[in-house]
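Novice:
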Amino acid sequence: MECVTSVSYSLLLNGGLTAKFQARKGLRQRDPMSPYLFVLVMEYLNRSLKTLDQIPDFNYHPRCAKLKIIHICFADDLIMCCRADRVSIQLMLKAFHHFSEVSGLQANMEKSSFYVAGVTEEFKNLILSEMHFTLGEFPFKYLGVPLSTKKLTIAQCMPLVEKITARIKCWTTKFLSYSGRLQVIKSVLFEMQTYWAQVFLIPKKIIHMVTIACRTFLWTGSTEISKRSLVAWEKLCMPGSAGGLGILDFYSWNKAALCKILWAISTKKDILWVKWIHNFYIKNRNISTMATPKQACWIVRKVFDTREWFEAISATGDINEFWKQGKFSIKTMYTASRPQYHKVTWKNLMLGDTTIPRHRFILWLALNHRLATVDRLAKWKIDVPNECVLCTSQKEETLDHLFFECVYTKSIWTALLGWLKEKHSVGSWELELKWLTKRTKSSRPRAQVITFLFAATVYYTWMERNNRRFQNQFVTYADRVREIALQLHIKGQNRSKWKAVLEQLNRYPSGNSV
Ligand SMILES: [Zn+2]
């Protein structure tokens with residue numbers, strides 16, 4: 004009590020502390036002392052409720068009798084339960100009121116609800132009027148997550164979907180490039196993981212809706228649902244080495260998270276809910292061979308249904324891999340569950356932060372043959388003039404023409420290679436990739452600089468093409484070369500490893516058009 008009642012403050016004013024003054028109302032909110040006091044006080048509630056066990060007239064909730072559970076609480080959320088008879092409810096409330104009186108902690112009745120099942124309508128109404136309760140409805144929110152014994156409906160899922168996707172609906176994200184949107188999506192998914200950390204099971208409906216929202220946002224920048232996408236979502240979820248973007252595959256992650264629950268149950272972890280499940284559903288049976296308990300709620304059934312998936316994955320690898328130092332790793336499980344993809348030859352071009360993200364994304368589209376060139380637009384029945392706008396050859400704009408048949412692009416790439424004093428003459432897209440794959444096998448600074456310049460060449464060519472087509476703006480190839488060279492110098496300022504390579508270069512490339 005000394006700590007609580009003798010609080011004094013002094014203010015930092017004009018660089019000096021004022022004289023101390025007493026706090027009339029004790030601790031202020033958020034004082035680091037508060038959580039500790041709260042735990043002490045709640046321990047008293049715990050003990051008060053436990054005394055109910057001694058009263059013969061008190062009945063536990065039928066599902067909680069064996070473990071003698073009357074309440075569970077997390078921070079200031081409190082759930083109390085008992086059998087739905089008048090005496091038990093009154094006894095439980097009496098214990099709580101006693102606690103309120105001695106601690107001064109009152110329950111906010113407006114935020115409290117009463118849930119009852121398996122009783123007559125008369126009894127329900129009697130309790131509601133007698134005890135001044137409001138009747139609650141499932142699902143209710145606990146720790147911000149809707150809880151229900153039944154599968155959530157789409158309408159019930161919506162607030163959670165809205166919350167998760169709120170960021171991509173913000174107006175400022177409208178003007179982001181592909182790579183900017185990709186970053187937003189990755190952080191949205193990261194936040195979704197915090198939900199997994201709390202509940203482990205996100206209904207498939209939510210996953211599906213979030214996936215569609217992210218996909219639409221990536222390709223169109225808007226929130227209006229569109230089926231148009233340049234690359235399939237499954238492909239985006241593949242690792243970078245397999246030609247994907249390494250976006251989290253929520254379906255697999257969800258399954259891996261379920262395995263964590265399954266693991267906790269099968270290793271009989273010393274946690275209340277694990278004990279509860281053992282008490283009511285498993286009852287000393289073998290968890291790997293017993294049937295899924297039909298009377299259990301859907302979450303428990305889902306956990307049991309995951310056994311098959313878990314066994315299929317663990318059959319191929321070492322189970323102990325998932326379980327290190329007493330902790331189950333969802334990530335390891337997730338990785339093990341992903342297919343063994345073929346590695347793409349150009350994987351080094353997409354590595355790490357060698358290139359600028361917006362360059363990398365356009366390069367990635369090109370590598371996957373997904374740049375929306377005229378020949379591809381024609382397949383979507385989008386009609387635009389089909390000649391290349393970068394040169395006067397009047398050839399159809401295809402990936403192969405742009406890279407590097409077109410004199411504009413070929414000139415840029417040739418000038419940059421000449422600048423680096425690379426003895427290599429520019430060929431077709433495929434030949435260039437072959438050459439690059441060989442040349443960038445190591446992660447040496449020179450290989451990184453070549454990768455950087457290649458990504459920039461692809462990016463600026465594509466920008467120039469778009470500017471000419473849609474804005475009627477032209478930049479000569481020589482100016483583009485200077486722009487790319489400048490970008491390299493800027494990037495090089497933060498990369499000391501590139502210093503030696505950059506010092507050997509002239510300030511700007513020189514040379515004539517090919
Ligand atoms: Zn051309």
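Okay, so the sequence shown: first residue is 4 according to my numbering, each after it adds one.
For glycine and all other residues, C-beta sits at the position ideal for the given N, C-alpha and C.
(1) Excluding the five sequence neighbours on either side, which residues of its own chain have a C-beta within less than 7 angstroms of the C-beta of residue 262, listed in chain order?
(2) Hey, is residue 463 close to ligand 1, as in C-beta under 7 angstroms from one of its heavy atoms?
(3) Could you tell me which residues DSSP puts in a beta bridge with residue 74?
(4) Taking 7 angstroms as the cut-off, does the CB of residue 404 come closer than this to any heavy atom belonging to ligand 1?
(5) Can you determine whether any heavy atom of ligand 1 sits closer than 7 angstroms to the C-beta of residue 391, and answer yes or no?
(6) When the distance is taken between beta carbons, is residue 130 closer than 8 angstroms to residue 82?
(7) Over what stretch of residues does the alpha helix (DSSP H) that includes residue 469 continue unbroken?
(8) So residue 373 and residue 234 are in contact, right, with Cβ under 8 angstroms, and what is the actual spacing, rounded?
(9) Could you name the residues of the same chain whose beta carbon sits closer than 6 angstroms to that of residue 181, not counting the 5 residues immediately before and after it, in chain order?
(10) Looking at residue 155: is its Cβ nearer than 8 angstroms to the Cβ of residue 248?
(11) List, from N- to C-terminal side, the alpha helix (DSSP H) runs of 4 residues or more that fit wholly inside the region 78–164.
(12) I want to check one thing, is the minimum distance from the CB of residue 431 to the heavy atoms of ligand 1 below 7 angstroms?
(13) Buried or exposed: where does residue 105 fall if 16 or more other Cβ atoms within 10 Å of its Cβ makes it buried?
(14) Report the three-state DSSP secondary structure of residue 11 (helix, strand or coil).
(15) For the alpha helix (DSSP H) that residue 217 lies in, which residues bound it at each end?
(16) Flag this pair as yes or no: are the beta carbons of residue 460 and residue 419 separated by less than 8 angstroms?
(17) Hey, how far is the Cα of residue 36 from the Cα of residue 78?
(18) Following a CB-centred definition, is residue 446 positioned closer than 7 angstroms to any heavy atom of ligand 1?
(19) I'd like to confirm something about residue 344: is its beta-carbon nearer than 7 angstroms to some heavy atom of ligand 1, or not?
(20) Return helix, strand or coil for residue 383, following the three-state DSSP convention.
(21) Measuring CB atoms only, is the region 345–364 touching the region 290–307, in the sense that at least three cross pairs come out at less than 8 angstroms?
(22) In this structure, how does DSSP classify residue 397 when only helix, strand and coil are distinguished?
(23) In this structure, does DSSP put residue 326 in helix, strand or coil?
(24) With burial defined as no fewer than 16 other Cβ atoms inside 10 Å of the residue's Cβ, what is the status of residue 412: buried or exposed?
(25) For residue 390, list the residues DSSP reports as bridge partners.
(26) Taking one C-beta from the region 219–227 and one from the region 403–412 each time, how about it: are there three or more such pairs within less than 8 angstroms?
(27) Taking the alpha carbon of residue 250 as the reference point, which residue from 218, 128, 269 has its own alpha carbon closest?
(28) If I measure Cβ to Cβ from residue 467 and keep anything under 7 angstroms in the same chain, skipping five residues before and after, which residues do I get?
(29) Could you compute how far the alpha carbon of residue 400 sits from the alpha carbon of residue 447?
Specialist: On the basis of the data shown:
(1) Only 309, 313, 336 meet the Cβ criterion.
(2) Between ligand 1 and residue 463, a heavy atom-to-CB distance of less than 7 angstroms is absent.
(3) In DSSP, residue 74 forms a bridge with 83.
(4) In this structure, residue 404 has its CB closer than 7 angstroms to one or more heavy atoms of ligand 1.
(5) Under cutoff, so the answer is yes.
(6) The answer is no: Cβ separation not under 8 angstroms.
(7) 448–469 is the extent of the alpha helix (DSSP H) around residue 469.
(8) Their Cβ separation, rounded to whole angstroms, is 5 angstroms, which keeps residue 373 and residue 234 in contact under 8 angstroms.
(9) For residue 181, where only same-chain residues beyond five positions count, the Cβ hits under 6 angstroms are 364.
(10) With respect to the 8 angstroms criterion, residue 155 and residue 248 are not classified as neighbours on the basis of their beta carbons.
(11) 89–106, 124–134, all fully within the region 78–164.
(12) At a cut-off of 7 angstroms, the beta-carbon of residue 431 does not count as near ligand 1: no heavy atom of the ligand is closer than that.
(13) It counts as exposed.
(14) Residue state, collapsed to three classes: strand.
(15) Residue 217 -> alpha helix (DSSP H) spans 207–223.
(16) It is a contact, given that the beta carbons lie within the stated cut-off.
(17) Note on geometry: alpha-carbon atoms of residue 36 and residue 78 lie some 15 angstroms from one another.
(18) Residue 446 Cβ: outside cutoff for every heavy atom of ligand 1.
(19) Flag unset: Cβ of residue 344 not near ligand 1.
(20) Note: residue 383 maps to coil in three-state DSSP.
(21) The region 345–364 vs the region 290–307: no contact.
(22) Judged by DSSP in its simplified three-state form, residue 397 adopts coil rather than helix or strand.
(23) Secondary structure at residue 326: strand, using DSSP grouped into helix, strand and coil.
(24) Taking a 10 Å sphere around the C-beta of residue 412, we find 16 or more other C-beta atoms and assign the residue as buried.
(25) Beta-bridge pairing by DSSP links residue 390 to 399.
(26) Output reads no: the region 403–412 does not touch the region 219–227.
(27) Ranking the options by Cα distance to residue 250, first place goes to 218.
(28) Same-chain partners within the cutoff: 393, 478, 483.
(29) One Cα belongs to residue 400, the other to residue 447, and the distance between them is close to 35 angstroms.
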